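S.K.: Pasting a structure below so you can have a look.
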Amino acid sequence: FNFGESFKYEQPVIDVIAQRLPISLQFGVVSFFVTYIVCIVLGVFKAIKANSLFDKVTTFIVLVGYSTPAVMLAVLLIVYFAGDTFLDIFPPGELYSDVYDELSFFEKVSDRVHHFIMPLICYMIGSFASLTQLMKNSMLDVIGQDYVRTAKAKGLSDRVVYFKHALRNALIPIATGIGGFLGIFLAGSFIIEKIFQLDGIGLLGFNSVLSRDYNVIMGLLFDDRPNCPVFRIEIKTSIIGFKGFCLPKNSRMIVN
């Protein structure tokens, strides 16, 4: 596809997007897998130990994380763990150290993980509560089914009943939402990318809206489906963001 050149970067739009897409892909894919693994495991154990102290404490923790804005959490992590004020454990931003090219393979992996930790926490924190509770409720529904009670009555161990028979059916509601969550993760977050100095897709889209770089905007929001030829960009200043919407064929577009 040829979207022309970027007004701001004076490069082809495809090249501008291609330079920043790997950054968002790295964080999106890693946070996606880590979030699902942690939430599935946590949700299963919360269902097995429903109404116990473990269930109540973990519910409180994930709800606190859900109610914490990512931008505030990012600032707190930098202040407390990436500065001279308290602890200087993690780097405040960027993807790797200045001496990254001089490191060995395992040192490079360690360096990337070290730089990934704080941004990943901010990416994942908002999804923990919904996925964990969904997994817990789905597992509780399956545990109450007749075939699970029959398996227990036959003398099968709890491990076999829960993880071999019940878990597979409990994962169905989780699997149906993978597409939506994956799209959210891969789209990036310009707030997190701005705070941690990550030049990803989210920050590119936000800067393109501010600088009126229309070619880049259309490149980011492009959809080649025949029934969706027109795009509308809705800028919501209350959340400082933008979203791309596709108008149907028979709709009218008013340009001021």
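Position one of the sequence shown corresponds to residue 3 (our numbering), numbered consecutively onward. Positions of the beta carbon are idealized from the N, C-alpha and C atoms, including for glycine. Fair warning: this is a prediction, and the values are worked out from it, not measured in the lab.
What is the rounded straight-line gap between the Cα of D17 and the Cα of L27?
M.R.: Rounded to the nearest angstrom, the two C-alpha atoms are 16 Å apart.
S.K.: Since H116 contacts F92 with CB under 8 Å, what's their CB separation in whole angstroms?
M.R.: Indeed they touch by this definition, with Cβ atoms about 7 Å apart.
S.K.: In this structure, how does DSSP classify D215 when only helix, strand and coil are distinguished?
M.R.: Here D215 sits in coil by DSSP.
S.K.: Whole angstroms is fine: what's the gap from F118's alpha carbon to T152's?
M.R.: So the two alpha carbons sit approximately 46 Å from each other.
S.K.: Cα-Cα, which of F224, L223 and V218 is closest to E12?
M.R.: It is V218 whose Cα lies nearest to the Cα of E12.
S.K.: By Cβ distance below 8 Å, which residues in the same chain neighbour Y68 in space, the five residues on each side in sequence not counted?
M.R.: For Y68, where only same-chain residues beyond five positions count, the Cβ hits under 8 Å are I127, G128, F130, A131 and S132.
S.K.: Report the residue from A72, N4, K10 and G6 whose alpha carbon sits nearest the alpha carbon of D215.
M.R.: It is K10 whose Cα lies nearest to the Cα of D215.
S.K.: Between E7 and the rest of its own chain, which residues show a CB-CB distance below 8 Å, the 5 nearest in sequence each way excluded?
M.R.: Q13, P14, V15 and N217, listed in sequence order.
S.K.: Going by beta carbon distance, what residues of the same chain come within less than 6 Å of S99, once the five residues before and after it are set aside?
M.R.: Counting only Cβ-Cβ distances below 6 Å, and skipping sequence neighbours, we find D113.
S.K.: Could you pull the start and end residues of the alpha helix (DSSP H) that T152 belongs to?
M.R.: Run containing T152: D148 to A155, per the alpha helix (DSSP H) assignment.
S.K.: Taking C-alpha atoms, which residue in V101, M220 and M74 lies nearest to I193?
M.R.: Closest option to I193, Cα to Cα, is M74.
S.K.: Could you tell me whether the Cβ atoms of V144 and A172 are closer together than 8 Å?
M.R.: Contact: yes.
S.K.: So, for Q199: in the same chain, excluding its five sequence neighbours on each side, which residues have a beta-carbon less than 6 Å away from its beta-carbon?
M.R.: Same-chain partners within the cutoff: G95 and E96.
S.K.: Whole angstroms is fine: what's the gap from Q135's alpha carbon to I180's?
M.R.: Those two C-alpha atoms are separated by around 15 Å.
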